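Numbering (the UniProt record's numbering), first residue to last: 1 to 296.
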């Protein structure tokens, strides 16, 4: 067993040296590439050059079904134009985590004298960390879509009022964008659409891209109606938007109701803990008194 421990120690030292040499040698090649990342969100930012180097050397193509799904989610959060960058960062982080598993596994093997339980625990822990990135990304998408569902009815209501007051579609969007003081994902997309309209992009193209970026059924439906009726304008479009506004408010009510149900579910676990604590507080004196009586 001692020879195996010595061999493991040698492998561990060689691996750490190799990892460090690659990181130092190629750090400057990727440091500017990673400089835009927030350290709070990417705690392994300083190690990402190693993962990016491995990606480049392996010539990974990002063409799998998993990659396409991930790129779709990344596009919703960061935008289509930045999806190629963030998918590389996403995979580079996973490579770094996998690279960290190896020395930790070897070290645990040495310290635990190759007890299987410790190695299984470490493997499970790092596996959980790898899956956690996908879960965090999915939760970001869900949170963004929920925010959009909550803010969209108010937007449609304002748009309907402005169109009814005589403003053109593009001017109505611009006024809503200027009046809004929020920095939410939805209003960022509205501002982006207004910027496109100002640069000469047609309304049909700008509103179509707006629907693609937000990727929610109700917005896609409304944008389709706006594109079809924007050339005609008039009373029919306003009336149609009023109907869509009512539907959006119903969707918002359902979303708020769902949030309330989730909040009550989250409170269930602390309430159970408090319930058991109260039972212990009530039962303990009774048990002590019964024990005293029996001793007497």
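Glycine included, each C-beta is placed from N, C-alpha and C at the ideal position.
Just so you know, these numbers come straight off a predicted model, no measurement behind them.
Within the same chain, 34, 37, 39 come within 7 Å of residue 45 by CB-CB distance, once the 5 residues on both sides are set aside. The way I'd put it, the region 216 to 227 does touch the region 148 to 158; three or more beta-carbon pairs between them come closer than 8 Å. DSSP places residue 59 outside both helix and strand once states are collapsed to three, so it counts as coil. Each of 138, 89, 158 was checked against the Cα of residue 32, and the nearest Cα belongs to 89. Boundaries cannot be given for residue 79, as no alpha helix (DSSP H) includes it and DSSP labels it neither H nor E. Assignment of residue 238 by DSSP, reduced to helix, strand and coil, places it in the helix class. Going by beta carbons, residue 8 and residue 106 fall inside the 7 Å limit. A direct Cα-to-Cα measurement between residue 173 and residue 140 gives close to 26 Å. By a beta-carbon distance limit of 8 Å, residue 148 does not contact residue 248. Their separation comes to about 11 Å. The way I'd put it, the region 46 to 60 doesn't touch the region 187 to 207; fewer than three beta-carbon pairs between them come closer than 8 Å. With respect to the 7 Å criterion, residue 176 and residue 158 are classified as neighbours on the basis of their beta carbons.
Residues of the same chain with a CB within less than 8 Å of the CB of residue 223, apart from the 5 flanking positions on each side, are 207, 208, 210, 211 in chain order.
DSSP places residue 199 in the coil class of the three-state scheme, outside both helix and strand.
Closest option to residue 111, judged by alpha-carbon separation, among 6, 237, 279, 228: 6.
A direct Cα-Cα distance of roughly 18 Å separates residue 165 from residue 244.
Scanning its chain for C-beta atoms nearer than 6 Å, with the 5 sequence neighbours on each side dropped, one finds around residue 101 the residues 126, in chain order.
Between residue 92 and residue 51, the beta carbon gap of about 3 Å places them in contact (Cβ cut-off 8 Å). By the 16-neighbour rule on beta-carbons within 10 angstroms, residue 160 is buried.
Taking C-beta atoms as the reference points, residue 137 and residue 73 count as a pair closer than 7 Å. Around the CB of residue 169, 16 or more other CB atoms lie within 10 Å, so the residue is classed as buried.
Note that the C-beta distance between residue 97 and residue 146 is not below 7 Å. In this structure, the beta-carbon distance from residue 229 to residue 237 falls below 7 Å.
Excluding residues up to 5 positions away in sequence, 76, 77, 185 lie with their Cβ nearer than 7 Å to the Cβ of residue 144 in the same chain.
Annotation for residue 242: 160 place their beta carbon closer than 7 Å to its own, counting only its chain and skipping 5 residues before and after.
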